[in-house]
Amino acid sequence: MNVKKSLIVVNSFKEESKTLGNEIQAYLESLNVKADIFVFNGFSEQYPFYGYDFVVTMGGDGTVLFAARGCAPLGIPIFPINFGSFGFIASVQRGEWKRELEEFLAGEAVVDERSMLQSDLIRGGKRRLSATGLNDVVVCGKTATHTLSFNVLYDKVPLGEIKADGIIISTATGSTAYSASAGGPIIDPDLDAMVLTLMNAFSLSSRPLVLSPDGELEIEILPSRISDVVISVDGQIPVDLHVGDVIRIRQSEFKAKLIGCTKEKFYNALRSKLNWSGGPQHA
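Start counting the sequence shown at 1; every next residue gets the next number (my numbering).
Here is the structure:
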């Protein structure tokens, strides 16, 4: 594989990330691959990825999400080394980075394409915000739990007026994140889908919905007892919403390219992180 320039994203809160980042930089430059370092502190509106052949992330899934938002429109693959706790997306383990990086540089690694969500905020008939995310879109109250009201449509078909603490729209990739903690289903990343999960729904009959990614969801903010409603994409800094605002969510035209994120690693993570032990173990 003919790669000449890479960017290593290190997490400023993880000292080990900086140390290993320097080691990988030296390794890549020994192979005549230029390697720059970008320090990521958890939030950044700067996407410094243009002109690179691939990006190495050194952190948890949040660092990968940041890179995905910037790399997907450019078609740049991401090599995600896990420094977090769960690592559903950042699936390259620290002790295996050299072997897996060698496989990628030799053109032998799996490069998995993951769907992303495109979200537009419409206010007064005009688009006021546009954001892309790999994991999810969350619409909820700014403070403690309060029941909000939403009007939800899917491909212009009304799903009804929904009362809940919030709504999570996730990709298959994001189904293991906030959506899962709210009771949503876990979706195999190879199964392209959008998942609608309600947070503490007012009605006990409300259930998560798995939807085709070919359709468009529309969420209108209705009047409720509180006015502090926000939208957050991939856990980034929330943006205030107002009554009458409409959020339109559809599959993005861009896909995130993740190196080494195999099906085996996904299910290994499920077994270890969700403790799928098969019941008590007896001696």
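Here a beta-carbon is modelled for each residue, glycine too, at the ideal position from N, C-alpha and C.
{"Item": "Residues bridged to Gln236 [DSSP beta-bridge criterion]", "Value": "Paired residue(s): none; Gln236 is not in a bridge."}
{"Item": "Alpha-carbon to alpha-carbon, Asn135 and Ala90", "Value": "13 angstroms"}
{"Item": "Exposed unless 16 or more other CB atoms sit within 10 angstroms - verdict on Glu16", "Value": "exposed"}
{"Item": "Contacts around Lys14, its chain only, beta-carbon distance under 7 angstroms, and the 5 residues preceding and following it disregarded", "Value": "Gly59, Phe83"}
{"Item": "Chain-order list of residues whose beta-carbon lies under 7 angstroms from that of Ser175 (same chain, five-residue window excluded)", "Value": "Gly184, Pro185, Ile186, Ile187, Val195"}
{"Item": "C-beta contact flag for Leu198 and Ala164 at 8 angstroms", "Value": "yes"}
{"Item": "Where the alpha helix (DSSP H) containing Gly70 begins and where it ends", "Value": "61-71"}
{"Item": "Any beta strand (DSSP E) of 3 or more consecutive residues that is wholly inside the stretch 80-137", "Value": "111-123, 126-133"}
{"Item": "Per DSSP, cross-strand counterpart(s) of Arg250", "Value": "Gln118"}
{"Item": "Euclidean distance between Cα positions of Gly125 and Ile168", "Value": "24 angstroms"}
{"Item": "The stretch 112-132 contacting the stretch 250-262, beta-carbon criterion three pairs below 8 angstroms", "Value": "yes"}
{"Item": "Which of helix, strand or coil DSSP assigns to Thr173", "Value": "helix"}
{"Item": "Three-state secondary structure assigned by DSSP to Thr197", "Value": "strand"}
{"Item": "Collapsed DSSP secondary structure at Gly183 in the structure displayed", "Value": "coil"}
{"Item": "Which listed residue (Asp214, Ala193, Glu220, Asp120) has its alpha carbon closest to that of Pro208", "Value": "Ala193"}
{"Item": "Helix, strand or coil at Phe266 according to DSSP, with G and I counted as helix", "Value": "helix"}
{"Item": "CB-CB length for Pro288 against Val111, believed under 8 angstroms", "Value": "Nothing about residue 288 can be reported from this structure: the residues present for the chain run from 1 to 283 only."}
{"Item": "Own chain, CB closer than 6 angstroms to Ser149, minus 5 neighbours either side, in chain order", "Value": "Lys163, Leu222, Ser224"}
{"Item": "Pick from Val210, Phe266, Leu211 that is closest to Asp61, judged by C-alpha positions", "Value": "Phe266"}
{"Item": "Endpoints, alpha helix (DSSP H) assigned at Lys18", "Value": "15-30"}
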